[in-house]
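Chemist:
In the numbering used here, the protein residues as written are 129 to 414.
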């Protein structure tokens with residue numbers, strides 16, 4: 129109780145002291161502006177990293193309307209639009225950022241990323257061509273690799289993917305992309321190795337696990353490799369492998385794998401059940 133009494137007296141003294149002091153308007157306004165600037169920067173970070181994407185778009189749209197010349201707010205709006213999946217609007221926002229006198233090479237790379245998301249590959253390539261070779265970042269090389277893939281320039285793609293992997297401590301995503309590139313070229317063994325490598329960096333990356341199964345299925349490998357997976361993932365991967373077997377003409381093996389998937393899944397596996405019924409109906413009609 130004594131401590132509480134002391135705190136109460138201290139607060140009362142603080143209020144009294146404040147009341148006795150005459151504020152100097154200019155100094156107070158300057159202090160408020162400084163605090164608001166700090167708070168605004170902090171809020172911008174929160175909006176970019178933790179807020180709901182739609183809320184972030186709303187916040188930055190309003191902020192840009194009030195401060196149209198601030199590139200940090202324009203950049204925040206562009207990033208928020210990408211997060212919200214509003215790709216066309218994001219392209220326009222990044223175009224405004226790149227046109228700003230304070231824009232950077234990173235902004236141009238982000239603009240290229242937004243263009244790729246809309247399927248504007250040639251425009252994205254033009255933006256990256258305007259970035260000097262000395263600007264060596266993970267994102268730049270990851271995008272260069274994707275563009276080389278789209279142009280079927282495989283040697284360039286491999287070189288860019290390799291460089292991108294060396295520029296990040298979290299290469300799972302780019303290794304998965306590189307593996308998928310190999311998969312589309314029919315280089316199944318190389319694809320399998322890259323997907324397996326991606327999983328060692330991120331065991332939660334289900335896309336890489338599923339792609340790994342596709343690469344193995346294309347080689348006639350109809351068993352699941354040893355890797356970390358949940359029961360639901362195991363069922364889904366067995367189903368993917370079963371479909372791959374059917375596609376390769378190994379229908380009996382495929383049916384067996386799909387049955388295993390249904391038995392393995394902890395809940396009702398509707399997609400697998402439908403596929404199995406369709407296969408059995410085909411066999412009956414045949």
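Just so you know, even glycine gets a beta-carbon here, dropped at the ideal spot from N, CA and C. Only a predicted model underlies this, so the values are computations on that prediction, with no experimental measurement involved.
Just to check my reading of the structure: residue 342 and residue 358 have Cβ atoms closer than 8 Å, yes? What is that Cβ distance to the nearest angstrom?
Modeler: Not confirmed; about 19 Å, so no contact.
Chemist: Would you kindly work out how many angstroms separate the C-alpha atoms of residue 192 and residue 205, rounded to a whole number?
Modeler: In a straight line, the C-alpha of residue 192 is about 8 Å away from that of residue 205.
Chemist: Take residue 352 and list the residues in its own chain whose beta-carbon comes closer than 8 Å to its own, dropping the five residues that flank it on each side.
Modeler: Same-chain partners within the cutoff: 341, 362, 365, 366 and 369.
Chemist: In this structure, how does DSSP classify residue 288 when only helix, strand and coil are distinguished?
Modeler: Note: residue 288 maps to helix in three-state DSSP.
Chemist: Output yes or no for whether 9 Å exceeds the beta carbon distance between residue 322 and residue 301.
Modeler: Against a cut-off of 9 Å, the Cβ pair of residue 301 and residue 322 comes out as no contact.
Chemist: If you measure between the beta carbons of residue 208 and residue 185, is that distance less than 9 Å?
Modeler: Cβ distance < 9 Å, so residue 208 and residue 185 count as in contact.
Chemist: Would you kindly work out how many angstroms separate the C-alpha atoms of residue 399 and residue 371, rounded to a whole number?
Modeler: Roughly 11 Å between the two C-alpha positions.
Chemist: Are residue 379 and residue 404 close, meaning C-beta to C-beta below 9 Å?
Modeler: It is not a contact, given that the beta carbons lie outside the stated cut-off.
Chemist: For residue 293, count neighbouring C-beta atoms within 10 Å of its own C-beta (all shown protein chains included) and say buried if the count is 16 or more, exposed if not.
Modeler: Counting Cβ neighbours within 10 Å, residue 293 comes out buried, since at least 16 surround it.
Chemist: Quick one: give me the first and last residue of the alpha helix (DSSP H) that residue 364 is part of.
Modeler: Unbroken alpha helix (DSSP H) run through residue 364: 359-375.
Chemist: Suppose the cutoff is 6 Å on Cβ atoms and the five residues either side in sequence are ignored; what does the same chain contact list for residue 239 look like?
Modeler: Answer for residue 239: 222, 226 and 255, listed in chain order.
Chemist: Report the rounded CA-to-CA distance for residue 176 versus residue 218, giving the unit in angstroms.
Modeler: So the alpha carbons of these two residues sit roughly 14 Å apart.
Chemist: Quick check on the burial criterion: 16 or more other C-beta atoms within 10 angstroms. Buried or exposed for residue 253?
Modeler: Buried.
Chemist: Rounded to the nearest angstrom, how far is the Cβ of residue 269 from that of residue 303, given a contact under 8 Å?
Modeler: With a Cβ gap of about 13 Å, residue 269 and residue 303 do not count as contacting.
Chemist: Which residue comes first and which comes last in the alpha helix (DSSP H) that contains residue 299?
Modeler: Segment: none, residue 299 is in no alpha helix (DSSP H) and carries neither H nor E.
Chemist: Give me the Cα-Cα distance between residue 318 and residue 286, rounded to the nearest whole angstrom.
Modeler: Distance between the alpha carbons of residue 318 and residue 286: 12 Å.
Chemist: Applying the criterion that 16 or more other CB atoms from any shown protein chain within 10 Å of the CB defines a buried residue, is residue 396 buried or exposed?
Modeler: When all chains shown are included, residue 396 counts as exposed.
Chemist: Does residue 328 come out as helix, strand or coil in the three-state DSSP assignment?
Modeler: Of the three classes helix, strand and coil, the one that applies to residue 328 here is helix, per DSSP.
Chemist: For residue 203, decide whether its Cβ has a neighbour in chain D, counting only Cβ atoms nearer than 9 Å.
Modeler: Here chain D cannot be found, since the structure has a single protein chain.
Chemist: DSSP on residue 397, reduced to helix/strand/coil?
Modeler: Three-state DSSP puts residue 397 in coil, outside helix and strand.
Chemist: So, for residue 172: in the same chain, excluding its five sequence neighbours on each side, which residues have a beta-carbon less than 6 Å away from its beta-carbon?
Modeler: 204.
Chemist: If you follow the alpha helix (DSSP H) that residue 185 is part of, which residue opens it and which one closes it?
Modeler: From DSSP, the alpha helix (DSSP H) with residue 185 extends over 181-194.
Chemist: Exposed or buried, what is residue 391 when buried is set at 16 or more other beta-carbons lying within 10 Å of its beta-carbon?
Modeler: Classification of residue 391: exposed, given that the 10 Å Cβ count is below 16.
Chemist: Measure the C-alpha to C-alpha separation of residue 180 and residue 311 and round it to an integer number of angstroms.
Modeler: Between residue 180 and residue 311, the C-alpha separation is close to 35 Å.
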